[in-house]
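The structure appears below as C-alpha cells.
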Amino acid sequence: GGGDVVMYEAYVEGHEFTVGILGEEALPVVEIEPVGELFDFESKYEPGMAVETVPARIPDELAGALQAEALRVHRLLRMEHFSRVDFMMDADGGVWCLEANALPGLTGNSLFPKAARAAGLEFAELCERICLTGCG
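Just so it is clear: in the sequence shown, position 76 is 69 by the numbering used here, and no numbers are missing.
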C-alpha cells in the first residue's frame, strides 16, 4: 500500500529560523545560517558548520510573529509539553513553516537548549521544566 502516492514540496530559499515551545511559552527565536549552501546533516551536527544566533537579529515584530505562529502550530498539531517549529523566510518576506519537531534535540549543540539559555534557563532548569510540564 501507498506505493503510488507521491508527495512533493516547493524548495524555498531564504533565511531559516526556529522557535522552541516550552509548555505554553515561546522561547526566543534562533536564526540559522549554514556555512555552506544548505543546513544539511553535517551543518546541523558538526561544530562550526552553521552560525546559530539567539536571539535572532530580526525586528521585534517579526520575532513576535514567528513565536505566535510556532505556538499556533504547536497547539494545532496537539503537541504537548515542548516542541520546536522551523521556518524559512523567503526573499519577499514570506514566512513558510517547514516542520514541527515533537521531540527536539537536547544535546549541548541542540537549538532548543540554546534558545532556553537565551530565555534565562540553564540546562538543568530546562530539563526540570520539561519534566514538570509532563507531570501536570
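Built from N, CA and C at the ideal position, the CB exists for glycine as well.
The structure displayed is predicted, hence computed values, not measured ones.
Could you tell me the alpha carbon to alpha carbon distance between residue i and residue j, rounded to whole angstroms?
i       : j       : result
Glu121  : His74   : 12 angstroms
Gln60   : Asp(-3) : 37 angstroms
Glu39   : Glu17   : 31 angstroms
Pro27   : Met42   : 6 angstroms
Gly86   : Ile51   : 12 angstroms
Ala63   : Gly13   : 8 angstroms
Phe105  : Glu2    : 25 angstroms
Glu54   : Phe80   : 16 angstroms
Cys124  : Arg65   : 22 angstroms
His67   : Leu91   : 13 angstroms
Val(-1) : Thr126  : 38 angstroms
Round the Cβ separation of residue i and residue j to the nearest angstrom and send it over; I've been treating them as touching at under 8 angstroms.
i      : j      : result
Met72  : Phe10  : Actually they do not touch by this definition, with Cβ atoms about 18 angstroms apart.
Pro21  : Ala112 : 6 angstroms
Pro89  : Val5   : As written in the sequence, residue 89 is Trp, which differs from the Pro given in the question. Confirmed, about 5 angstroms.
Gly7   : Ala109 : In fact, because the Cβ distance is near 25 angstroms, the residues do not count as touching under 8 angstroms.
Ser76  : Ala95  : 6 angstroms
Lys107 : Val47  : 5 angstroms
Comparing alpha-carbon positions, which option in the options lies nearest residue i?
i     : options                           : result
Pro97 : Gly113, Arg110, Val78 and Pro52   : Val78
Ala58 : Ile25, Ala19 and Glu92            : Ala19
Ala93 : Gly7, Gly29 and Leu70             : Leu70
Ile25 : Val66, Asn102, Leu119 and Val(-1) : Asn102
Looking at the strands, I want to know which residues DSSP matches up with residue i.
i     : result
Arg77 : Gly13 and Asn94
Ile51 : In the DSSP output, where bridge partners are listed per residue, Ile51 has none listed.
Gly7  : Asp83
Ala63 : Answer is none; Ala63 lacks a bridge partner.
Pro27 : Ala43
Please confirm whether any heavy atom of the ligand GDP lies closer than 7 angstroms to the CB of residue i.
i     : result
Asp83 : This structure lacks the ligand GDP; in fact it carries no ligand of any kind.
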